[in-house]
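Just so we're aligned, residue 6 is where the sequence shown starts under this note's numbering, counting upward by one.
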Amino acid sequence: MLRVRPIIFTPNYSGFGKLFTALGLTLVEDADGWQVFEASSGRVAVHTADQPSTQLNFEVGSVSEFARRTAEAGTDAVVVYTNDGPAAQVTAPNGRVFLAYETLTGEQPAAKGLAVMPIWYTQDTAAAEKVFTDIGAKKRRSSDAGAWLDFTAKNGGMLALHAADDDGAELAFEFTGNVEVLQQRLRSEGVTATLIDENYGRSLRLPNPDGGEIWVNEWQEDLYGYKDHAAS
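Structural data, given as C-alpha coordinates:
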(Lines of atoms letter the chains of each structure in order from A and count residues from 1; the text may use other names and numbers.)
(Lines give C-alpha, C1' and ligand atoms only; values in the text may rest on other atoms or scores of the structure.)
Protein backbone atom coordinates (compact mmCIF):
# COMPACT_ATOMS: atom_id res chain seq x y z
CA MET A 1 0.00 0.00 0.00
CA LEU A 2 1.00 3.64 -0.42
CA ARG A 3 -0.73 6.61 1.17
CA VAL A 4 0.48 10.20 0.98
CA ARG A 5 0.97 11.79 4.42
CA PRO A 6 3.15 14.92 4.42
CA ILE A 7 4.18 16.40 7.76
CA ILE A 8 3.80 20.09 8.54
CA PHE A 9 6.35 21.15 11.15
CA THR A 10 5.08 24.40 12.63
CA PRO A 11 5.12 26.81 15.58
CA ASN A 12 1.42 27.45 14.75
CA TYR A 13 0.18 23.98 15.62
CA SER A 14 -3.37 24.89 16.64
CA GLY A 15 -3.83 27.14 13.61
CA PHE A 16 -3.32 24.23 11.22
CA GLY A 17 -5.69 22.07 13.24
CA LYS A 18 -8.43 24.68 12.93
CA LEU A 19 -7.77 25.13 9.20
CA PHE A 20 -7.82 21.39 8.42
CA THR A 21 -11.02 20.94 10.43
CA ALA A 22 -12.63 23.80 8.49
CA LEU A 23 -11.60 22.08 5.24
CA GLY A 24 -13.52 18.99 6.33
CA LEU A 25 -10.58 16.78 7.28
CA THR A 26 -11.07 14.22 10.07
CA LEU A 27 -8.71 13.96 13.04
CA VAL A 28 -7.45 10.34 13.19
CA GLU A 29 -4.43 10.63 15.54
CA ASP A 30 -4.02 13.03 18.45
CA ALA A 31 -0.98 13.06 20.73
CA ASP A 32 1.14 15.68 22.45
CA GLY A 33 2.40 17.97 19.68
CA TRP A 34 1.28 15.57 16.96
CA GLN A 35 -1.94 15.23 14.99
CA VAL A 36 -2.90 13.41 11.80
CA PHE A 37 -5.85 14.50 9.66
CA GLU A 38 -7.54 12.45 6.97
CA ALA A 39 -8.91 13.95 3.76
CA SER A 40 -11.18 12.20 1.30
CA SER A 41 -7.90 11.04 -0.28
CA GLY A 42 -4.64 11.08 1.64
CA ARG A 43 -3.60 12.36 5.04
CA VAL A 44 -1.58 15.24 6.48
CA ALA A 45 0.23 15.36 9.82
CA VAL A 46 1.05 18.36 12.00
CA HIS A 47 4.04 18.42 14.37
CA THR A 48 5.10 21.22 16.69
CA ALA A 49 8.43 22.80 15.78
CA ASP A 50 10.27 26.08 16.27
CA GLN A 51 10.70 26.64 12.53
CA PRO A 52 8.12 25.89 9.82
CA SER A 53 8.86 23.30 7.15
CA THR A 54 7.11 20.64 5.08
CA GLN A 55 8.32 17.06 4.68
CA LEU A 56 7.03 14.58 2.11
CA ASN A 57 6.19 11.42 4.05
CA PHE A 58 4.09 8.33 3.42
CA GLU A 59 2.21 5.47 5.04
CA VAL A 60 2.82 1.91 3.85
CA GLY A 61 1.71 -1.58 4.79
CA SER A 62 5.18 -3.00 5.47
CA VAL A 63 8.26 -0.83 5.94
CA SER A 64 10.69 -3.60 5.01
CA GLU A 65 8.77 -4.66 1.91
CA PHE A 66 8.38 -1.05 0.76
CA ALA A 67 12.12 -0.43 1.18
CA ARG A 68 12.97 -3.63 -0.68
CA ARG A 69 10.72 -2.88 -3.65
CA THR A 70 11.85 0.73 -3.89
CA ALA A 71 15.53 -0.28 -3.83
CA GLU A 72 14.94 -2.99 -6.43
CA ALA A 73 13.30 -0.38 -8.68
CA GLY A 74 16.46 1.72 -8.52
CA THR A 75 15.96 4.36 -5.80
CA ASP A 76 17.97 4.24 -2.57
CA ALA A 77 15.78 2.97 0.29
CA VAL A 78 16.72 1.43 3.64
CA VAL A 79 14.99 0.64 6.91
CA VAL A 80 15.91 3.04 9.72
CA TYR A 81 14.82 3.29 13.35
CA THR A 82 13.42 6.65 14.45
CA ASN A 83 11.87 7.98 17.66
CA ASP A 84 8.51 7.12 16.09
CA GLY A 85 9.49 3.55 15.24
CA PRO A 86 10.88 1.83 12.14
CA ALA A 87 10.60 3.64 8.82
CA ALA A 88 11.73 3.25 5.24
CA GLN A 89 14.12 6.06 4.38
CA VAL A 90 14.07 6.99 0.70
CA THR A 91 16.88 9.20 -0.59
CA ALA A 92 16.50 11.01 -3.90
CA PRO A 93 19.52 11.66 -6.17
CA ASN A 94 19.61 15.30 -5.02
CA GLY A 95 19.76 14.24 -1.36
CA ARG A 96 16.14 14.93 -0.40
CA VAL A 97 14.93 12.34 2.09
CA PHE A 98 11.42 10.92 2.51
CA LEU A 99 10.22 8.61 5.28
CA ALA A 100 7.50 5.97 5.06
CA TYR A 101 5.93 4.56 8.22
CA GLU A 102 3.55 1.67 8.68
CA THR A 103 -0.02 2.88 8.91
CA LEU A 104 -1.49 2.64 12.40
CA THR A 105 -5.14 3.50 11.87
CA GLY A 106 -7.87 2.50 9.45
CA GLU A 107 -9.58 4.95 7.14
CA GLN A 108 -11.97 7.46 8.71
CA PRO A 109 -14.80 9.33 6.92
CA ALA A 110 -13.97 12.85 5.77
CA ALA A 111 -15.64 15.48 3.61
CA LYS A 112 -15.77 14.26 0.01
CA GLY A 113 -13.72 15.60 -2.86
CA LEU A 114 -10.55 16.87 -1.20
CA ALA A 115 -7.20 15.19 -1.91
CA VAL A 116 -3.89 15.94 -0.19
CA MET A 117 -1.37 16.87 -2.90
CA PRO A 118 2.04 18.06 -1.66
CA ILE A 119 4.32 19.60 -4.27
CA TRP A 120 8.03 18.85 -4.65
CA TYR A 121 9.88 21.73 -6.31
CA THR A 122 13.05 20.53 -8.00
CA GLN A 123 15.54 21.35 -10.74
CA ASP A 124 15.52 17.78 -12.04
CA THR A 125 11.93 16.68 -12.62
CA ALA A 126 13.06 13.58 -14.56
CA ALA A 127 15.02 12.25 -11.57
CA ALA A 128 12.17 13.14 -9.21
CA GLU A 129 9.68 11.40 -11.49
CA LYS A 130 11.72 8.20 -11.25
CA VAL A 131 11.72 8.42 -7.45
CA PHE A 132 7.92 8.74 -7.30
CA THR A 133 7.52 5.93 -9.83
CA ASP A 134 9.93 3.69 -7.91
CA ILE A 135 7.98 4.10 -4.65
CA GLY A 136 4.81 3.01 -6.44
CA ALA A 137 3.05 6.26 -7.38
CA LYS A 138 1.27 6.34 -10.75
CA LYS A 139 1.76 9.25 -13.12
CA ARG A 140 -1.56 10.91 -13.89
CA ARG A 141 -0.90 14.12 -15.79
CA SER A 142 2.00 16.17 -17.17
CA SER A 143 2.24 19.58 -18.78
CA ASP A 144 3.43 19.82 -22.38
CA ALA A 145 6.07 22.30 -21.22
CA GLY A 146 7.46 19.72 -18.79
CA ALA A 147 7.23 21.97 -15.73
CA TRP A 148 4.45 20.01 -13.97
CA LEU A 149 3.77 16.32 -13.33
CA ASP A 150 1.34 14.79 -10.87
CA PHE A 151 0.80 11.30 -9.52
CA THR A 152 -1.72 9.26 -7.57
CA ALA A 153 -1.03 6.93 -4.63
CA LYS A 154 -2.95 3.64 -4.50
CA ASN A 155 -4.33 4.12 -1.00
CA GLY A 156 -4.94 7.84 -1.02
CA GLY A 157 -3.43 11.19 -1.80
CA MET A 158 -1.58 12.71 -4.71
CA LEU A 159 1.91 14.00 -5.42
CA ALA A 160 3.08 16.77 -7.72
CA LEU A 161 6.40 17.84 -9.20
CA HIS A 162 7.11 21.39 -10.27
CA ALA A 163 10.26 22.55 -12.04
CA ALA A 164 12.04 25.21 -9.97
CA ASP A 165 15.49 26.62 -9.36
CA ASP A 166 15.41 25.72 -5.66
CA ASP A 167 14.49 22.38 -4.09
CA GLY A 168 11.61 22.47 -1.63
CA ALA A 169 8.25 21.03 -0.58
CA GLU A 170 4.88 22.68 -0.12
CA LEU A 171 1.45 21.52 1.01
CA ALA A 172 -1.41 21.79 -1.49
CA PHE A 173 -4.74 20.10 -2.17
CA GLU A 174 -6.90 19.19 -5.14
CA PHE A 175 -10.69 19.45 -5.02
CA THR A 176 -12.93 17.36 -7.25
CA GLY A 177 -15.92 19.61 -7.77
CA ASN A 178 -16.69 23.30 -7.74
CA VAL A 179 -14.21 25.11 -5.50
CA GLU A 180 -16.85 27.75 -4.82
CA VAL A 181 -18.70 25.12 -2.77
CA LEU A 182 -15.55 24.62 -0.71
CA GLN A 183 -15.11 28.37 -0.44
CA GLN A 184 -18.60 28.67 1.07
CA ARG A 185 -17.85 25.86 3.53
CA LEU A 186 -14.69 27.62 4.65
CA ARG A 187 -16.50 30.93 4.98
CA SER A 188 -19.08 29.32 7.28
CA GLU A 189 -16.14 28.19 9.46
CA GLY A 190 -14.65 31.68 9.56
CA VAL A 191 -11.87 31.08 7.01
CA THR A 192 -11.46 33.56 4.16
CA ALA A 193 -10.39 31.85 0.92
CA THR A 194 -9.67 33.80 -2.26
CA LEU A 195 -10.91 32.38 -5.56
CA ILE A 196 -8.41 32.70 -8.42
CA ASP A 197 -9.50 31.97 -12.01
CA GLU A 198 -6.56 31.61 -14.41
CA ASN A 199 -6.03 30.14 -17.87
CA TYR A 200 -4.78 26.83 -16.44
CA GLY A 201 -7.64 26.43 -13.97
CA ARG A 202 -9.28 27.72 -10.81
CA SER A 203 -7.96 27.54 -7.29
CA LEU A 204 -8.60 28.73 -3.77
CA ARG A 205 -5.84 30.46 -1.83
CA LEU A 206 -6.09 29.84 1.90
CA PRO A 207 -4.19 31.72 4.61
CA ASN A 208 -1.26 29.59 5.76
CA PRO A 209 -0.88 29.83 9.56
CA ASP A 210 2.90 30.05 9.00
CA GLY A 211 2.53 32.85 6.44
CA GLY A 212 1.84 32.85 2.72
CA GLU A 213 -0.89 30.75 1.14
CA ILE A 214 -2.02 27.16 0.73
CA TRP A 215 -3.46 26.34 -2.69
CA VAL A 216 -6.51 24.18 -3.33
CA ASN A 217 -6.61 23.46 -7.05
CA GLU A 218 -9.89 22.60 -8.74
CA TRP A 219 -9.72 19.36 -10.73
CA GLN A 220 -9.34 20.24 -14.42
CA GLU A 221 -11.52 18.69 -17.09
CA ASP A 222 -9.87 20.75 -19.83
CA LEU A 223 -6.54 19.09 -20.63
CA TYR A 224 -5.31 21.70 -23.10
CA GLY A 225 -1.55 21.94 -22.59
CA TYR A 226 -1.48 18.69 -20.60
CA LYS A 227 -1.19 14.98 -21.28
CA ASP A 228 -3.32 12.44 -19.41
CA HIS A 229 -1.38 9.30 -18.40
CA ALA A 230 -4.08 7.71 -16.24
CA ALA A 231 -5.44 5.54 -19.05
CA SER A 232 -2.03 4.47 -20.39
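Ideal Cβ positions, reconstructed from N, Cα and C, are used throughout, including at glycine. Nothing here was measured: the structure is a model prediction, and the numbers come from that model.
| Item | Value |
| --- | --- |
| Can you list the alpha helix (DSSP H) stretches of 4 or more residues lying completely in the stretch 59 to 126, in chain order? | 68 to 78 |
| Quick one: what does DSSP say glycine 29 is sitting in, helix, strand or coil? | coil |
| From the DSSP output, in three-state form, read off glutamate 134 for me. | helix |
| Going by the CB atoms, is the gap between glutamine 56 and alanine 174 shorter than 8 Å? | no |
| If you draw a straight line from the C-alpha of methionine 6 to the C-alpha of glycine 118, how long is it? | 21 Å |
| Can you tell me which of Ala177, Tyr126 and Ala97 puts its alpha carbon nearest to the alpha carbon of threonine 138? | Ala97 |
| Could you pull the start and end residues of the alpha helix (DSSP H) that glutamine 189 belongs to? | 184 to 193 |
| Between which two residues does the beta strand (DSSP E) containing leucine 176 stretch? | Looking at the DSSP string, leucine 176 is not in any beta strand (DSSP E), and its letter there is neither H nor E. |
| How would you write the range of the beta strand (DSSP E) that lysine 144 sits in, first residue to last? | 143 to 148 |
| Residue range of the beta strand (DSSP E) that asparagine 222 falls in? | 218 to 223 |
| Quick check on the burial criterion: 16 or more other C-beta atoms within 10 angstroms. Buried or exposed for proline 91? | exposed |
| Per DSSP, which one or two residues make a beta bridge with arginine 255? | Because the chain in this structure spans residues 6 to 237, residue 255 falls outside the shown range and cannot be described. |
| Nearest to asparagine 160 by alpha carbon, out of Gln225, Trp153 and Gly111? | Gly111 |
| Mind reading off the beta-carbon distance from valine 51 to glycine 79? Whole number of angstroms is fine, and I expect it under 8 Å. | Valine 51 to glycine 79, Cβ: 33 Å. No contact. |
| When you compare only the Cα positions, how much space is there between arginine 207 and alanine 120? | 16 Å |
| In the DSSP assignment, what are the bridge partners of arginine 8? | Glu64 |
| Classify asparagine 222 as buried or exposed, calling it buried when 16 or more other Cβ atoms lie within 10 Å of its own Cβ. | buried |
| Could you check the C-alpha separation between glycine 182 and alanine 165 for me, to the nearest Å? | 19 Å |
| Would you mind working out which of Asp233, Leu211, Ala105 and Ala235 sits nearest leucine 28, comparing C-alpha positions? | Leu211 |
| Roughly how many whole angstroms lie between the Cα atoms of threonine 150 and alanine 82? | Checking the displayed sequence, the identity of residue 150 turns out to be alanine instead of threonine. Rounded to the nearest angstrom, the two C-alpha atoms are 31 Å apart. |
| Exposed or buried, what is valine 85 when buried is set at 16 or more other beta-carbons lying within 10 Å of its beta-carbon? | exposed |
| According to DSSP, simplified to helix, strand and coil, what is tyrosine 18? | helix |
| Where proline 123 and phenylalanine 42 are concerned, what is the direct C-alpha to C-alpha distance, given to the nearest angstrom? | 14 Å |
| Please confirm whether threonine 130 and leucine 109 have their CB atoms less than 8 Å apart. | no |
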